[in-house]
Each structure stands twice: as C-alpha cells, then as structure tokens.
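Let me begin by presenting the structure, written as structure tokens, before commenting on it.
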Amino acid sequence: MKKILLIFRKLRNSSMYSGAPSADSIWSCLNIWIFLCFFPRTFVSNASKPNILLILADDLGIGDVGCYGNDTIRTPNIDSLAKEGVKLTQHVAAAAVCTPSRAAFLTGRYPIRSGMASSTERRILFWNGCSGGLPPNETTFARILHQQGYSTALVGKWHLGVNCKSRYDHCHHPLNHGFDYFYGMPSTLLNECQGTDEPELAKSLQDTYWLYTQIIILAVLTLLIGKLTNLFSVKWKIIICLAIYGFLYFISWFSSYGFTKYWNCILMRNHDITEQPMKLDKITSNMLKEAVSFIERNKHRPFLLFVSLLHVHTPLITTEKFLGRSRHGLYGDNVEEMDWMVGRLLDVIDKKGLKNTTFIYFASDHGGSLEAHSGNAQLGGWNGIYKGGKGMGGWEGGIRVPGIIRWPGVLPADIVINELTSLMDIFPTVIQLAGGAVPQDRVIDGRSLLPLLQGTVQHSEHQFMFHYCGVFLHAVRWHQKDSGTVWKAHYTTPVFQPKDSGACFRRGICPCFGNGITHHDPPLLFDLSQDPSEANPLSADTEPLFDTIIRRIGKAVEEHHKTLTPVPQQLSYYNNMWKPWLQPCCGTFPTCWCDKESSKAEDIL
C-alpha cells in the first residue's frame, strides 16, 4: 500500500512540474486502478479489520503474573506478551464475581443495566437449568463483529445462562449472542465436577438443608419408636404425613444439589451436549485443540476468538505434565499450565503469519479468591499489594486485574499505561477495530482504548467508576485528571472473618449486604495515587479537601443513578432456581449422561 501511495505522489509531482502526464504515467495509473478494483479486500482485511484474540483467565490474581511483580510463579508467555505490547496497571473489572463481570465484558455496560447484578446472596448463575442469563436484547461485541463480517467463536467458559422457557430455546446461549461457534462449559468449574473435594456450590446452604433433613428424620424416628413402645400416644396419620413431608423436602433440594456434577458439569459444541458429565482429564487438551482449529480454519478471513479459560478456578484441573512444577502447590501448577496454554495460542498466531494482523488481549475476570483453600493449602490467587479479593466489590484486590494488549506494528511495544481502564472498554475497542458502530440506543459505560494505546491522548476518558457488589454500590473511584490523583470512596465494606484476616474465611465469600457488611458515613476515602493498598483512610483532619471530594463523588453517584432504568432481574431467586424442564440433557431426562467426544482424537499435549 505504501508503494502505491508513493507512485501516486510521483505522478502528482510529475504532473505539477512537467505539464500533462506521460503515457507511462497514465498506464501506471490504469494498472493501479485495475488492481484496486479486483483486489479491494486485500487492504480492508489486513489494515482495517485485524483478527481479534481475547483471552480471559478465571479467578487469576494480578499478583500471580510475573510482569505484575510475581517472581516465584513462572509465566514467561504472558510476560513476553507484555514485553511486546502494552501493560495496563489500573485495569479493573465491573464486578468481583464471574457472571456479572463477564456480562459487563461482553456488553460494555455495568451489570446492573442488564439485570445481571444480584439483589440476593446468589451473585452468580447457579444452574444450567435456571431461567436467568444474559438477556437476548443485550448487544455483545460478538454480535456486532459478526455483522461486520467476522467469524466469531467462544471456546471455554460461558456462565451467562442457557435457556429461558424450554429446554431447547437456547435464548441465553452464546450462539444467540453473536458467536458462530461455541465449544466449552455453559456454566463454570466446581469442586463437584471432580467429586473429590467438599461441595462448592452454596456449601453453607447445603449444610442447612442437610441439618433440617436430619431433624425431620430424627423426629419421625422418635415418634415411630414412641408409638411402637407405647411411650406416648400419637396417631399413625401424623407419623406418615411427617415422613412424607420429610421425603418431599429431601427430594426438593437433593434432586438439584445432589446431582450438580450431572446438571452443571457438561461440555457443549454449539447446541449439542458432547459430554455429561464432562471428563476433566482431557478438558485442557480439548479446549486448546478447538481454539487452534478455529484459528487455522479462519486464517484467511477476519476472526474474533474469545478463549475463556477454565484456569485458574477451583478445583484447579491440572494435567500430569505440570503437577508439582511450581513452588506454590496445585494453584501455582495451574497458573503455569495456563501460561503454557497462552504460549501455544501465541505460537499458532505467529506460525500462521498472523502476528502483525492480530489484536491480542489478556486479562482476568476479577481478582483471585482468598478464601479458596483445602486444609493449609491455598487454592486461590494472590492479589499483590491490593486489599481484598474475589467477591469484594469495592476493595482493589477483588477488581484490579492484569490487562495486556499486543498488536505489533500498530501499538508500541514494552509500554506501561497507568491510566484508569476497564474490562468494559474492550466492547467499544474491538467494535472500532472492526469498523462497526457502538449502539446508540443504550448507555455504554466502556470507552475505546485505542487513543490511549496509540498515544494520541494521555488520559483515560473515565472520570468516575462505580464499583458494585451485586446491585449495591460499595465504592466509587474519581480520576481527577487535572491533578492526576485517583480518589476512592467506600460506602460499604465487608466484615472480615477473622477480623484482621483480609477475607471472609468463615463465610467462604464476603457478602454484599446484611450483617456481614459495614456502612460508612462519611465514606472511607483513600488516595490510590499514594496509597494503592488502601491502608490509610483519609479524614477531614488529614485531607483539607475531604469534604469537597466527598461532595463531588456524591454528586457523581446521583448523576449515575439517573442513568439507570428498571430491568428484569436475571439473578432473582426464581430465575436462579433449578428448573428440571430447562435442564440441558443429552438423553431422556433425568437420565442425562453421554460421551460424544472422540476418544481417538489426537492429544494436543
């Protein structure tokens, strides 16, 4: 293209200084015109429509990665990606748990706008067989890129719902949100998928159900023994009714929680279930193979590939090749295997000659889980110097994540950007790259990263960022551009258990409301520019502008609330309840089990 422009300049100059163009000049112009007419897509595909590879880790802490300060877990491929691209140091998620964070990532909107923020203690979708999920009227970047001629695929975790009203309507499915191809888990990894550890899905709730069941059984046995031994008089009708009630109560909860492995741990290819329950020993190999295959099939056309990794969520499925390799037990092994997977994807991009035409993004959906452990073994991530972790909507450790972008020849290499950015920014960024238009009929909270990445602007477009825990606003960040200061006000914080532990170990995850939180009036105020660990709250005595800052942030909250409109709550008790008629099933319900994955497939490992 540069050569063509050079020829045009020469022709223009020759015309200016020598009068009429020569016959050779006219013939050169005609050749160029014919070439452009017959091969117009050559320049459109390579220059204006890059391939897009998005890699999102699950529960990865910002402190788990070498280029963000970890010197004991080996992540050479992710570090290399940062060396060849741009590293974002103030990259934040829109939520501190999976479902709402991923909804915001795909739509560029705070989860509360789409109904994907919860007002209950259940902040993620619990079941494949529930009716909640990403509403069909939400627009994802995949849908817009599909309209722009991209081949789109999601490989890995979805966790944004499957069905609405029937087992086969697939209203929340990835294929109904702009993806041409889907291979992966419609839900998320759980300890139940492995079946060797304690239950992970609402463990405290399951313990309560078991307790009530045991009380009913004990009551029935007591009445029965009393009746048979004539210790007291009781009618058989009462004993029978109580026994029937206890049985129905047990069935009502055990039919879902007792079979989580079959209901949630399934593998799908498009709309078809290929494994139920899924086999974990081959899942890493299969996911990687599908991602590589998609790249190879689409190397001659623009593609969007969203690789939503199952790593590093518990139960930390790790192949034998990586077991025992790290200095941080099973969790470290899993992180190093994840890095190896990233390396394989980068190798394929490079070997197919796509390196300079592929925009690559790597991040985590939220901070690492501090409460995940087995005995003395830590099974969750490290969030570096930042307080808190997964589930904490306000503290930095729950929402600040790694963010790395590479596009050789277009973006500078080995650059660090300290400006405020968000996972929601990927939505307008990739739409701009694809030549599409951001929807104008709704509020989009993300901002295109391209001006920052290319250095045409020095500051982020984000002035305020609102940090939710479910539907509850816990904190607000103000990027005061004139001074470069980043203020953060906490209206609500979780109560750590034990008190100074920095996490909610007794609960398993910190709550958003109720007796497990503390309200602050006035809010806790931190200067993240000077105190990124949020260790020293400011006051009117220590910060002369305290009242002014709190008032300005309060006004921003009021303005933000005016932009919110009521929408159906996708994570309500009803929508997040297991419904047998919505349960994806590869057989005749309830006999849902199958294995359609080819056992003869070559193992990519």
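Just so you know, the sequence shown maps onto residues 192 to 796 in our numbering. Here a beta-carbon is modelled for each residue, glycine too, at the ideal position from N, C-alpha and C.
Just to confirm, are residue i and residue j a CB contact at a threshold of 9 Å?
| i | j | result |
| --- | --- | --- |
| Ile243 | Leu336 | yes |
| Asp556 | Val592 | yes |
| Glu481 | Leu279 | no |
| Leu614 | Ala554 | yes |
| Val686 | Ile700 | no |
| Leu351 | Leu325 | yes |
| Arg535 | Leu479 | yes |
| Gly276 | Ile508 | no |
| Gln338 | Thr612 | no |
| Ala295 | Gly584 | no |
| Gly589 | Gly579 | yes |
| Glu312 | Pro771 | no |
| Gly306 | Ala333 | no |
| Asn268 | Leu537 | yes |
| Ser309 | Pro291 | yes |
| His681 | Leu644 | no |
| Cys695 | Arg314 | no |
| Val748 | Leu664 | yes |
| Glu528 | Thr505 | no |
| Val629 | Leu495 | no |
| Gly558 | Ile744 | no |
| Val283 | Asp270 | no |
| Phe497 | Leu251 | no |
Which value, in whole angstroms, describes the spacing of the CA atoms of residue i and residue j?
| i | j | result |
| --- | --- | --- |
| Ser730 | Lys679 | 13 Å |
| Lys490 | Met376 | 25 Å |
| Pro619 | Asp636 | 9 Å |
| Pro735 | Tyr577 | 26 Å |
| Ala344 | Ile551 | 15 Å |
| Val648 | Pro603 | 14 Å |
| Ala563 | Val503 | 11 Å |
| Arg488 | Ser342 | 10 Å |
| Ile430 | Trp769 | 30 Å |
| Thr549 | Thr266 | 21 Å |
| Gln688 | Phe737 | 30 Å |
| Thr733 | Glu725 | 15 Å |
| Leu501 | Thr379 | 8 Å |
| Ser424 | Leu433 | 16 Å |
| Asp673 | Gly523 | 41 Å |
| Lys746 | Lys581 | 28 Å |
| Ala568 | Asn525 | 14 Å |
| Val353 | Thr739 | 47 Å |
| Gly572 | Leu561 | 7 Å |
| His752 | Val662 | 12 Å |
| Gln164 | Asp722 | Beyond the ends of the chain as shown, which are 192 and 796, falls residue 164; an answer cannot be given. |
| Asn222 | Pro493 | Low confidence applies here, because Asn222 scores a pLDDT of 47, under 50, leaving its location unreliable and the question unanswered by this model. |
| Ile608 | Lys512 | 36 Å |
| Asp463 | Pro302 | 28 Å |
If you drop the 5 nearest sequence neighbours on each side, which residues of the same chain put their C-beta closer than 6 Å to that of residue i?
| i | result |
| --- | --- |
| Arg668 | Met656, Lys679 |
| Ser499 | Leu247, Gly347, Lys348 |
| Ser720 | Thr676, Val677 |
| Trp784 | Gln467 |
| Lys356 | none |
| Ser447 | Trp769 |
Once the 5 residues before and after residue i are set aside, which same chain residues still bring their CB inside 7 Å of it?
| i | result |
| --- | --- |
| Pro390 | Asn382, Glu383, Gln397 |
| Pro327 | Cys362, Asn367 |
| Asn176 | This structure cannot settle anything about residue 176, because the visible part of the chain is limited to 192 through 796. |
| Ala273 | Cys258, Ile595 |
| Gln385 | Leu471, Pro506 |
| Glu329 | Thr298, Ser305 |
| Thr331 | Leu297, Thr298, His368, Gly369 |
| Ile217 | No answer about Ile217 holds up, because its pLDDT of 42 lies below 50 and its placement is not dependable. |
| Ser395 | Gly699 |
Can you find a C-beta in chain D that's less than 9 Å from the C-beta of residue i?
| i | result |
| --- | --- |
| Ser720 | Note that chain D does not occur in the displayed structure, where there is just one protein chain. |
Please list, in chain order, all residues of the same chain as residue i whose beta carbon is under 8 Å from its beta carbon, the five residues on each side excluded.
| i | result |
| --- | --- |
| Met459 | Phe373, Tyr374, Gly375, Met376, Pro377, Thr465, Pro775 |
| Val634 | Arg300, Arg304, Thr754 |
| Gly627 | Ile335, Leu336, Gln338, Gln339 |
(message) My parser needs the alpha helix (DSSP H) runs of 4 or more residues fully inside the segment 540-617; what are they?
(response) For the segment 540-617, whole alpha helix (DSSP H) runs of length 4 or above, ordered along the chain, are 587-590.
(message) Under 8 Å: do the segment 768-777 and the segment 307-326 share three or more Cβ pairs, one atom per stretch?
(response) When C-beta atoms of the segment 768-777 are compared with those of the segment 307-326, three or more pairs fall below 8 Å, so the two segments count as touching.
(request) Could you pull out every unbroken alpha helix (DSSP H) segment of at least 4 residues lying fully inside the segment 615-657, listed in chain order? (result) 617-624, 641-645
(request) Pair every Cβ in the segment 435-443 with every Cβ in the segment 755-764, then say whether three or more of these pairs are closer than 8 Å. (result) no
(request) Say whether the segment 347-366 touches the segment 401-411, bearing in mind that this needs 3 or more beta-carbon pairs closer than 8 Å, one atom from each stretch. (result) The segment 347-366, when compared against the segment 401-411, does not touch it at the 8 Å Cβ threshold.
(message) To test your reading of the DSSP string, which unbroken alpha helix (DSSP H) runs of 4 or more residues are found completely within the segment 459-514?
(response) 474-488
(message) Check whether the segment 428-437 and the segment 409-416 touch, using three or more Cβ-Cβ pairs below 8 Å as the test.
(response) yes
(message) Extract the residue ranges of the alpha helix (DSSP H) inside the segment 283-367, only unbroken runs of 4 or more that lie entirely within it.
(response) 289-298, 302-305, 332-338
(request) Run through the segment 391-463 for me and flag every whole beta strand (DSSP E) of 3 or more residues, listed as ranges in chain order. (result) You should have 458-460.
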